[in-house]
Every structure is written in structure tokens, then in C-alpha cells.
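Report on the structure given below.
In full-length UniProt numbering, the protein residues as written are 1 to 363.
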């Protein structure tokens, strides 16, 4: 038997023999091999294997196929066979036919399939003279039917990685929904904090137990809103008891967070602006010295000067150096450049306005 190409006819050994496969591989060694050509090794990894199954059998539609001499006539592979046998694939490298289904799911173990069935999975089928007869016989074989069933089950099933990804997506979706609910609850708690903070009202009461009548304004307002707000109602009644976000620690965190936002916005307003520092010191009811600081600047948006009370700092001593150190910390906290301080305003006390040793003299 000889193999006829467009250039010449090459003699080969018996059909379907390994030596013939090696000879033909050498013949086409200079050609570009398609990655899906059956001559290539099947993928081992699950994802690559699934992708190859999605692409299906390798069925190149060539204008002409290499002809093999059988007696006095020449026969070649026919592309029309692809329509009748959907599992059929063709190797351009070997000029052989293979069964895609049996290659992907080989059930030959324990079954006496013989040399003929191995031609569709390992060696390749090249007897074009009896191709239709052999293809139909293979299509009804036990090996092929078992492989077809395995292929159908594989396509309809989800791999474990996809199942895990689906479960992960569900878990992430539930987690994201819980995040949105928590943010809605937090919005209401922030509004209550702002309401009490703007009015300078106390947050906490003398007895914050659930059955107490003196829980404080923060918890009283939350309890009132819970009657009419479904978001808060669901959170307070169905949420975890250790995550109601109404404890004294959470209240302090909310106040501190709001303070950071206000200070950051104020720092942006006075950035590189000329400012005046107004400060005064006095004793509170506990006889602790407190220094209040006000910053005055010109607001270009409303086109008028504005005064902002920025802090009240406790001072351990009322001497000029201690007060100056506290003011320096405030100036540094708000990123105010010393050259942008155009004036200072204090009372007439010697420690504040003294021309030689007062705070004013240190600026």
C-alpha cells in the first residue's frame, strides 16, 4: 500500500501499524500542527479537558485529502463523513481518522476491544476503502456507546470547582446584602448622633438597662424610630444581640468618626488660607483648666469671614509656655503654616498677652 500526496506517492507498511504512523509523522513533520489535531496528547487538567470537549471533534474541511492506493485505485478521506458521524475527527498530521468520544472517555479496560477499536483512540483509522462499514460498526460498539454516555454525563454535570464557585458567589451575595442592610442601620445611627451632637444634648442615661426609664436620649430615640422604621425594627428585633450598635463604645466611635470627618473638611477649607487664632483659658466645674480655641478665616464661597470653634484642650498649667505648646499642637493638627497666621486674639491676662513672657510674645 502506498500513500499519495500532491507531490509523490510514498510506500508504507501495513495499515494502522505503529511504524506507519511514525513514517507519516515524519512526512508531515514540517507542517504546522493544529493544537486540536488528534495526534496531540489529550489534556490532563480538568479545565483544559472541559474546554476541549466544548470545542468538539477536530473536523478540518480540506479541499483535498491525501490519497492512499488500494490495489489499482486510490482512496482518501471524505469530509462528507463528518455529517453522518458527528464523533468522527481527522488528523491532518497522520492522515488518519479517530473517534473523539472514545478518545476523551476510553472504557476499553476490562473489555476485549481488540486492534480495531484501538485504531479510533491510539493508532488512527486509515482504511478508506472500508471506512463507512467500519465507522457504522464502531458507532454501535459497546465501547463507543459507553463513551457516549460518559460524554453526555460529563456535559450535563458541573465540575467541583464550578460548584464551589457557585456556592462562593451565593455566600458573597448574601454577605453583600448584609453589608447593605448594616449600612442602612448605620445611616440612622449617624443621624441620631448628629441630632444630639448639634444640640449639645447628652447621649447616655443613668441606667441603660432595657427595662429602665432613664436609658438616655440616644437609646430613647432609637427605640422611638424602631416603632416606625422597618429597617431599624428588623435590626433590633431579629439581629444578633451582640451587634445592635447602640452600646456606649459604639456611641463614642460614632462621635469620634463624625469629628474626624468635620475636621478633615475644615482642614480643606483653610488650606493655605490666612487665619486668625482666638483662644481663652478658664476653669471648668471640676476646677480643671480648659483652653478653648477658635479659628477665624475668610470663606470665599459665602464671601464673608467665618469663625469655627475647633477644640477645647485641657492644660496642666496656666503658664505661657504650657498654653503655647497646646496652641502649637492645634496649629500642627490643622496643618496651618505659621506664616499664614496674621493675628491672635487673647484676653488681657499677663500669661496670654504679656509682651515679654506671654503667649503672644512667643508667636
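Here a beta-carbon is modelled for each residue, glycine too, at the ideal position from N, C-alpha and C.
Proximity to residue i [Cα-Cα], best of the options
i           : options            : result
residue 316 : 290, 298, 310      : 290
residue 276 : 251, 210, 89, 337  : 337
residue 34  : 91, 79, 72, 56     : 91
residue 319 : 236, 281, 36       : 281
residue 124 : 89, 328, 211, 163  : 89
residue 310 : 327, 301, 304      : 327
residue 333 : 158, 231, 260      : 260
residue 294 : 302, 300, 285, 307 : 307
residue 40  : 151, 122, 330      : 122
residue 72  : 129, 360, 299      : 129
residue 325 : 287, 279, 305      : 279
residue 392 : 208, 192, 207      : A question about residue 392 goes unanswered here, because the residues of the chain that appear run from 1 up to 363.
residue 343 : 283, 292, 274, 253 : 274
residue 208 : 223, 155, 74, 185  : 223
residue 52  : 95, 64, 85, 103    : 103
residue 105 : 83, 135, 149       : 149
residue 366 : 55, 136, 232, 164  : Residue 366 cannot be examined here, being either before or after the span of the chain that is shown, 1 to 363.
residue 340 : 346, 285, 271, 206 : 271
residue 42  : 99, 131, 199, 157  : 99
Buried versus exposed call for residue i [16 or more other C-beta atoms within 10 Å across all chains shown]
i           : result
residue 133 : exposed
residue 80  : exposed
residue 351 : buried
residue 213 : exposed
residue 38  : buried
residue 331 : buried
residue 152 : exposed
residue 312 : exposed
residue 14  : Note that residue 14 scores 39 on pLDDT, short of 50, meaning its location in the model is unreliable; the coordinates nonetheless yield the value given after this. Residue 14 comes out exposed.
residue 348 : exposed
residue 93  : buried
residue 228 : exposed
residue 109 : Because the pLDDT at residue 109 is just 45, under 50, the model does not fix this residue reliably, and the value given afterwards should be weighed accordingly. It counts as exposed.
residue 287 : exposed
residue 57  : buried
Bridge partner(s) assigned by DSSP for residue i
i           : result
residue 279 : 293
residue 74  : 69
residue 257 : DSSP output for residue 257 lists no bridge partner at all.
residue 313 : 291
residue 378 : Lying before the first or after the last residue shown, residue 378 is absent from the chain, which here runs from 1 to 363.
residue 141 : According to DSSP, residue 141 bridges with nothing at all.
residue 131 : In the DSSP output, where bridge partners are listed per residue, residue 131 has none listed.
residue 229 : Bridge partners of residue 229: none, in fact.
residue 91  : 96
residue 308 : 295
Distance between beta carbons of residue j and residue i, contact taken as under 8 Å
i           : j           : result
residue 138 : residue 101 : With 8 Å as the limit, residue 138 and residue 101 do not qualify as a contact, their Cβ atoms being about 10 Å apart.
residue 225 : residue 188 : 6 Å
residue 204 : residue 248 : 6 Å
residue 141 : residue 117 : 7 Å
residue 258 : residue 197 : 7 Å
Item to check | Three or more C-beta pairs below 8 Å linking the stretch 167 to 187 and the stretch 206 to 220 | outcome: no
Item to check | Stretch-stretch touch, CB-based, cutoff 8 Å, three pairs: the stretch 64 to 78 with the stretch 40 to 48 | outcome: no
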